[in-house]
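In what follows, a single structure is set out as structure tokens and then discussed.
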Amino acid sequence: MGTSVSGEATQQRMRTTPPFSPAETHGARRRAVLAVVVWSVVLAAALASALRAGAPPVDVARSLLYWAGALVLPGTVVLKALVGTRGSWLADLACGAGLGLVLELFAWVGASLTDLRGLLWAWPLATASVLLLPRARARVLRRPPHRAAAGPTVATGLAALLAVWHLDSSFMGSWALPPSGRPWFQDLLWHMGLVHEAMRSFPLGTPQVVGDGLLQYHWFSDAHLAAQALITGTAVPVVVLRTWFMPVAVLFVALTAVLGARLSRSDWGGAGAALLVSSILSAPFWPGIVTAGNHLNPLSPSQLYALPLTVLFVLVLCEIVGAPTRPVTRPSPGLVVVAVLLAVGCAGAKSSALPVVLGGVVTSLLVALVMRRRRLVLAVTAAALAVVTLAGLRLVAGGGASSGFQLLSAMSLLPPYRTLVTAKPDLDRPWLDGLVHTPGVGPLLLVALALALCIAYVRLLSFVLPFLQRSLRRDLRAWLLAGTCAVSVVPFLVLSHTGYSQFYFVQGAIPFGAVLWVWSLVELVRRSPGSRPVTVAALAVGALVTAVVGQMALSAPRATDRTAVLASLSTFVLQVGAVAAALLVVLAFALSRRRRGDARWVPVTTALLLSPIVVSGVLLTANRPDAQQVSASVRPSVQVLAQTQAAEWISRHVPDDDLVATNDHCSTGSGPACNSRQWWLSGIAGRRVLLESWGYTPSAMRLERFDDRALYDLNQSAFVSPTPEVLAALRRRGVSWLVGERSPGLTVSRDLDRLADRRYDNGRVVVYRLR
1 MGTSVSGEAT QQRMRTTPPF SPAETHGARR RAVLAVVVWS VVLAAALASA LRAGAPPVDV
61 ARSLLYWAGA LVLPGTVVLK ALVGTRGSWL ADLACGAGLG LVLELFAWVG ASLTDLRGLL
121 WAWPLATASV LLLPRARARV LRRPPHRAAA GPTVATGLAA LLAVWHLDSS FMGSWALPPS
181 GRPWFQDLLW HMGLVHEAMR SFPLGTPQVV GDGLLQYHWF SDAHLAAQAL ITGTAVPVVV
241 LRTWFMPVAV LFVALTAVLG ARLSRSDWGG AGAALLVSSI LSAPFWPGIV TAGNHLNPLS
301 PSQLYALPLT VLFVLVLCEI VGAPTRPVTR PSPGLVVVAV LLAVGCAGAK SSALPVVLGG
361 VVTSLLVALV MRRRRLVLAV TAAALAVVTL AGLRLVAGGG ASSGFQLLSA MSLLPPYRTL
421 VTAKPDLDRP WLDGLVHTPG VGPLLLVALA LALCIAYVRL LSFVLPFLQR SLRRDLRAWL
481 LAGTCAVSVV PFLVLSHTGY SQFYFVQGAI PFGAVLWVWS LVELVRRSPG SRPVTVAALA
541 VGALVTAVVG QMALSAPRAT DRTAVLASLS TFVLQVGAVA AALLVVLAFA LSRRRRGDAR
601 WVPVTTALLL SPIVVSGVLL TANRPDAQQV SASVRPSVQV LAQTQAAEWI SRHVPDDDLV
661 ATNDHCSTGS GPACNSRQWW LSGIAGRRVL LESWGYTPSA MRLERFDDRA LYDLNQSAFV
721 SPTPEVLAAL RRRGVSWLVG ERSPGLTVSR DLDRLADRRY DNGRVVVYRL R
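Under the UniProt record's numbering, the letters of the sequence shown match residues 1 to 771, in that order.
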């Protein structure tokens, strides 16, 4: 779980290795200074991005202190007390921060159950108690012995900068801070409501429809955001829209680097893995066909939050499995504790996270049974992980109500399918229609879309590598990663979901595919004398070709009409075939040279395959319009501005636990069967609502309508035809306030002025307090 050796081996080496020479000490200091400079630049870029987008400087400063004092420091102390140093400063701090995210959840639960949320800021002080134990204190204070060379350090920092740049250009500033007339993506408001709920309740209810009971969703990311808001005193919209996601993305990149370096036994392996996961696009040559996956997407807080936790969990599992050259020993109790904590954290972070990891562990177990190695450890691990996975799916999972089974359903999201077949696919059939029998297209569409998905998720194709490479085939950790990649593809291909959530399975496995590819490349270079300069040259050539050709492709006009799209598919299939043939020729040449004693060319094919990925991410971000400019070009809505102004008043004047009723439910349409995704009242104002919008409740997702007609009619009557009896019925349900909107299709009766107390009115939104 570090970049060099295991904790016990590290401690033994530190006891037996003679003191460093002055030259070695000076070199280590220079490397340390360089690392501080590189990561300071990353930090400065992230801070500058938040400030440029209008985040209050005091909130940015509080967020920085929060991460340092409430996550990294306590997490690192506990981690090192349990398992010792992970070998390098980057490994210690990154793994410590990941563990800190999980420990924070337990602290938040404790503060919620005891109603001491105001003291949540003090939870890191509890971790100081481990320093009272002499052995634990010695582990915590022991410095990590390894310092990465300058090149890998800079490359890993560049990977983190690429992630920061991507988030700055795609998300930061895309959504204005309230009050504003520019609309927000509906899921952001929904998550804001959950964050507010997590700041006042455990377990979480459903603040958008209070009668729906406990929340059925993987809400650990919302608890993390709530903890940050409670500890820092930052407003929830600022946390959600400005301060939370940059550190999590950088942590994910850093942990991927640690995992890559640990498994490949090379700092360059770690840097390469970090570079591969920092890009959301794998190839820029066919922008209308091969699309970006965007696993670094704050629009899905649960997905982004789950990434570092899952990577750290797999890192711990690899430590438990052990290298093939390491003596077979039982995992240390401290390592088991860390594994259990992370398994629980992953279970509620994203419902797609643990099933994929479980698939990897089971794959590794099957191989272990054949090899007769580590069978008991892996069997126990698989059984325990299965229990945690099932418990998580039962207790803290959501979204399944709108899921079904449809073979190749994911292809219906790709642009060519939408243009050539339909923009509204039928997801209820057992297989996706139109892939083979569409008039004028035929099987070409199926072939093209299959190739497009293979290219988009080429990092997951690394699952074949243990079958082909002897050094990986002997290592159970390689099989664990390969199984994770392979298993993620199964639900991706067989599930359907109205929001295409099956993509989260493959997006969550991307870091493991990236690590396995780089691990394979490092092993090829290591076992092929003289291959290093040839490999570097291949990487450079691949990057240069990608930069030139990719920029031309991204700058060219996109095919939009049916005839042009069909022609582009034919060209795409031919071009992919030509590229595949060229790579096979290079591979055949390399293998023939190896048989003649010249192994220099063996890694070239892998290098040519991987080099476009990093450049693709750079090109995509460079060609993307600036998020703040795009946001500024959106015409403000008078109604949205009125909503956010009312929300600001409500957040200041309506008690946090009071229940509100509103007449605004529908984004489009009207009535119980409308598209109900209006969450500004629970999201920005942060108040529980009797009936706000039901679009994400399990029953509505299953039935495609709100099923309690009596409640709906009662709620609407309070605004359209209020009577003392109607308002009394709302009072019995706990409602204290009415928030009515005046807009086309929404009216507020003047009778409310004599039946309730008007407390706020901006012309479009009026707030009444019930008597």
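The beta-carbon is built from N, C-alpha and C at its ideal position, and this holds for glycine as well.
If you're wondering where the values come from, they're calculated on a predicted model, not measured in any experiment.
Suppose contacts are defined by Cβ-Cβ distances below 8 Å. Is residue i in contact with residue j by that definition?
i	j	result
W519	V367	no
L251	A94	yes
Q507	Q303	yes
L432	S409	yes
R139	G84	yes
D751	Y768	no
A48	V238	no
V316	V344	no
L167	M246	yes
F512	C485	yes
A647	P178	yes
A590	V604	yes
G740	V766	yes
Y305	H191	no
Which residue's Cα is closest to the Cα of residue i: the options?
i	options	result
V654	M172, L681, A128 and W190	L681
G734	V209, L481, N297 and A450	V209
G640	L659, V660, D664 and Q303	For the sequence presented, residue 640 should be read as Val rather than Gly. Residue D664 is the option with its Cα nearest to V640.
S221	V396, L569, T498 and R330	V396
P301	I280, L241, A229 and F285	L241
S403	C666, A622, Q502 and L554	Q502
S278	A386, G293, D267 and D187	G293
A257	L189, H295, P152 and I280	P152
L229	P355, D59 and R731	Residue identity differs from the one stated: residue 229 is Ala in this sequence, not Leu. When each option's Cα is compared against that of A229, the closest is D59.
D267	N297, S63 and S88	S88
G683	S651, I455 and S699	S651
G269	S743, V522, A582 and A661	V522
G669	F106, L354 and G695	G695
D626	W175, V36 and V77	W175
Between residue i and residue j, how many whole angstroms is the CB-CB distance? I'm expecting something under 8 Å.
i	j	result
R374	L259	Their Cβ separation, rounded to whole angstroms, is 19 Å, which puts R374 and L259 out of contact at 8 Å.
F505	S693	F505 to S693, Cβ: 27 Å. No contact.
S364	V421	With 8 Å as the limit, S364 and V421 do not qualify as a contact, their Cβ atoms being about 40 Å apart.
L539	S462	Not quite, the Cβ-Cβ distance comes to about 17 Å (not below 8 Å), so this is no contact.
W649	G193	Actually they are not in contact, since the Cβ atoms of W649 and G193 sit about 18 Å apart, beyond 8 Å.
Distance, Cα to Cα, residue i vs residue j?
i	j	result
V109	A347	16 Å
S568	V102	47 Å
E197	A227	11 Å
E104	A379	30 Å
M1	L120	Note that M1 scores 42 on pLDDT, short of 50, meaning its location in the model is unreliable; the coordinates nonetheless yield the value given after this. Near 29 Å, if we compare the C-alpha coordinates of L120 and M1.
A235	A160	27 Å
L620	G181	29 Å
T16	H497	Its pLDDT being 39, under 50, T16 is placed unreliably in this model, and the value from its coordinates should be taken loosely. Spanning the two alpha carbons is a distance of roughly 57 Å.
S4	R143	At S4, the pLDDT of 38 sits below 50, so the modelled position is not reliable; the number obtained from the coordinates is stated separately. Their Cα atoms are separated by approximately 14 Å.
V602	V195	51 Å
A155	V614	11 Å
G617	L79	33 Å
L435	C674	31 Å
P203	S129	28 Å
Y417	A423	8 Å
Y457	P533	28 Å
W165	A622	9 Å
G542	A274	18 Å
E8	R265	Interpretation of E8 is limited by its pLDDT of 44, a score under 50 that renders its predicted location unreliable; the figure taken from the coordinates is listed afterwards. Looking at the two C-alpha atoms, the distance is approximately 17 Å.
R771	A642	25 Å
L493	L307	21 Å
R595	G550	35 Å
Between which two residues does the beta strand (DSSP E) harbouring residue i extend?
i	result
H218	Where H218 is concerned, there is no enclosing beta strand (DSSP E), given that its DSSP letter is neither H nor E.
W737	V735 to E741
T662	L659 to T662
V441	Unbroken run through V441: none, as it is neither H nor E.
D761	A756 to D761
Considering just the uninterrupted stretch of the alpha helix (DSSP H) at residue i, what are its terminal residues?
i	result
L476	L476 to V494
S676	S676 -> no alpha helix (DSSP H), and no H or E assigned at all.
Y305	P301 to V321
V367	A353 to M371
G614	The residue asked about is misnamed: residue 614 is Val in this sequence, not Gly. Here the alpha helix (DSSP H) through V614 covers V604 to N623.
Does the beta carbon of residue i come closer than 8 Å to any beta carbon on chain D?
i	result
Q228	Checking the listed chains, one finds no chain D in this structure; it contains a single protein chain.
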